[in-house]
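Trainee: Residue 43 in full-length UniProt numbering is what sits at position 43 of the sequence shown, and the numbering runs on without skipping anything. Every residue gets a Cβ at the ideal spot worked out from N, C-alpha and C, and that includes glycine. After the C-alpha cells below, expect a handful of questions from me.
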Amino acid sequence: GIVDDEETGEITDNAALRQLNHAQRVAEGVDLEIHRNTWRYTRLIERQRRDLLVHRDKVLRTAYAAEQLEKAHPEKFGELKEKLDDQDKLEQMCREVLLFHVDQLWSDHLAFLTDVRESIHLRALARETPLDEFHRAAIPEFHKIIAEADSRAAKTLEEAELTDEGIDLGEAGVRRANTTWTYLVHDNPFDSDFEQTIKKVRSMIKRK
1 GIVDDEETGE ITDNAALRQL NHAQRVAEGV DLEIHRNTWR YTRLIERQRR
51 DLLVHRDKVL RTAYAAEQLE KAHPEKFGEL KEKLDDQDKL EQMCREVLLF
101 HVDQLWSDHL AFLTDVRESI HLRALARETP LDEFHRAAIP EFHKIIAEAD
151 SRAAKTLEEA ELTDEGIDLG EAGVRRANTT WTYLVHDNPF DSDFEQTIKK
201 VRSMIKRK
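In C-alpha cells:
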C-alpha cells in the first residue's frame, strides 16, 4: 500500500509522490490546452465584434443609414423628409432604425454561435476539426449581418406609419436603447460551459 505518516496522513512513499506529481502536471497541461482552445474560438468572435463596431461607428457618424433608406424606398423616404423638415433629425431617426437591426442581428449571431458551441463536440467525435467547422459556420453567417440589417431597416421604413414626428419607432417595433452597444463589448458565448465540453470530449476520446 501507499506509505504515509501515521500522525499527519502525509504521503511519504516516493513512488506515490512521483505519480501524484505527474498527475498534477498532466492536469495543469489539460487546463492550459483548454484555455488555449477557448482563445482560438473567441479570437474569431473578437475579430467579428471589432469589424461590426467599425460599421456601427460609420452608421453613427455618417449619413449612411439615411442614404441606404433613400435608395431602398425613395418615395417613402421623401415623405419622411417632408414630415421632419430637418436634416439632422432625419438622419438621426434613420440611424436609430438601422442600429436597432444591426444590434438585433448581432445578438442573434451570438445566439447562433452558442448553438454551434453546444454541438461542436460532435465534430470531434466525427473526426472533423472542430475549429475549422466552427469557422465554416460562423464566418458566412456574420457576413450576412450588414446587408440583412439594411434590408430590415428598409422594411421598417416601408411599413411604418409616418407622423409629424417622423416614424413612430415604438409602433414600428424599434426600441430606443440607451446602451445598445454594451452587449457588443461584454457578451461571450464561450464561457465555462464550453471548457467543460472540451474536457468531456477529451476524456471520451482518451477512453477509445
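Buried or exposed: which applies to Thr156, given that a residue is buried once 16 or more other Cβ atoms fall within 10 Å of its Cβ?
Mentor: On the sequence shown, residue 156 is found 156 positions in, with the first residue counted as 1. It is buried - the Cβ of Thr156 has at least 16 other Cβ atoms within 10 Å.
Trainee: In the structure shown, what three-state DSSP assignment does Gly173 receive?
Mentor: One-based indexing of the sequence shown puts residue 173 at position 173. Gly173: coil per DSSP, three-state reduction.
Trainee: Out of Glu118, Glu161, Leu52, state which residue places its alpha-carbon closest to the alpha-carbon of Ala147.
Mentor: Position 147 of the sequence shown, counted from the first residue, corresponds to residue 147. Checking every option, the nearest Cα to that of Ala147 belongs to Leu52.
Trainee: With a Cβ-Cβ cutoff of 9 Å, do Gly166 and Lys89 count as a contact?
Mentor: Along the sequence shown, read from residue 1 onward, the residue named residue 166 stands at position 166. Along the sequence shown, read from residue 1 onward, the residue named residue 89 stands at position 89. In contact: Gly166 and Lys89 (Cβ atoms closer than 9 Å).
Trainee: In terms of residue numbering, what span does the alpha helix (DSSP H) encompassing Asp150 cover?
Mentor: Residue 150 sits at position 150 when you count from the first residue of the sequence shown. Here the alpha helix (DSSP H) through Asp150 covers 145-159.
Trainee: DSSP state of Thr129, grouped into three classes?
Mentor: Stepping through the sequence shown from its first residue, residue 129 is reached at position 129. Coil, per DSSP.
Trainee: Ordered along the chain, which non-local residues of its own chain (more than five positions away) have a Cβ less than 7 Å from that of Leu162?
Mentor: Locating residue 162 in the sequence shown gives position 162, counting from the first residue. If we look at Leu162 and ignore the five residues flanking it on each side, its Cβ neighbours are Glu79, Leu80, Lys83.
Trainee: Which first and last residues belong to the alpha helix (DSSP H) in which Glu75 is found?
Mentor: Here residue 75 corresponds to residue number 75 of the sequence shown, with the count starting at 1. Here the alpha helix (DSSP H) through Glu75 covers 74-84.
Trainee: Within 10 Å of its beta-carbon, does Phe77 have 16 or more other beta-carbons around it, so buried, or fewer, so exposed?
Mentor: On the sequence shown, position 77 is the one that residue 77 refers to. Buried, because 16 or more other Cβ atoms sit within 10 Å of the Cβ of Phe77.
Trainee: Is the distance from the Cβ of Ala138 to the Cβ of Leu69 below 9 Å?
Mentor: Residue numbering aside, residue 138 sits at position 138 when the sequence shown is read from its first letter. Residue numbering aside, residue 69 sits at position 69 when the sequence shown is read from its first letter. Taking 9 Å as the Cβ cut-off, Ala138 and Leu69 do not qualify as a contacting pair.
Trainee: Measure from the alpha carbon of Thr62 to the alpha carbon of each residue in Ala111, Arg49, Thr42, Gln92, then state which is nearest.
Mentor: One-based indexing of the sequence shown puts residue 62 at position 62. Answer by Cα proximity: Gln92.
Trainee: Assuming Tyr41 and Phe100 form a contact by the criterion Cβ under 8 Å, report the distance between their Cβ atoms to the nearest whole angstrom.
Mentor: Numbered from its first residue, the sequence shown carries residue 41 at position 41. Numbered from its first residue, the sequence shown carries residue 100 at position 100. With 8 Å as the limit, Tyr41 and Phe100 do not qualify as a contact, their Cβ atoms being about 28 Å apart.
Trainee: Quick check: what's the CA-CA separation for Arg47 versus Lys58?
Mentor: Taking the first residue of the sequence shown as 1, we reach residue 47 at position 47. Taking the first residue of the sequence shown as 1, we reach residue 58 at position 58. Straight-line Cα distance between these residues: approximately 17 Å.
Trainee: Please confirm whether Leu105 and Ala149 have their CB atoms less than 9 Å apart.
Mentor: As a first step, residue 105 is located in the sequence shown; it is residue number 105 there, counting from the start. As a first step, residue 149 is located in the sequence shown; it is residue number 149 there, counting from the start. For Leu105 and Ala149, yes; Cβs fall inside 9 Å.
Trainee: Given this structure, state the Cα-to-Cα distance separating Ile145 from Arg56, to the nearest angstrom.
Mentor: As a position in the sequence shown, residue 145 is number 145, starting the count at 1. As a position in the sequence shown, residue 56 is number 56, starting the count at 1. Straight-line Cα distance between these residues: approximately 11 Å.
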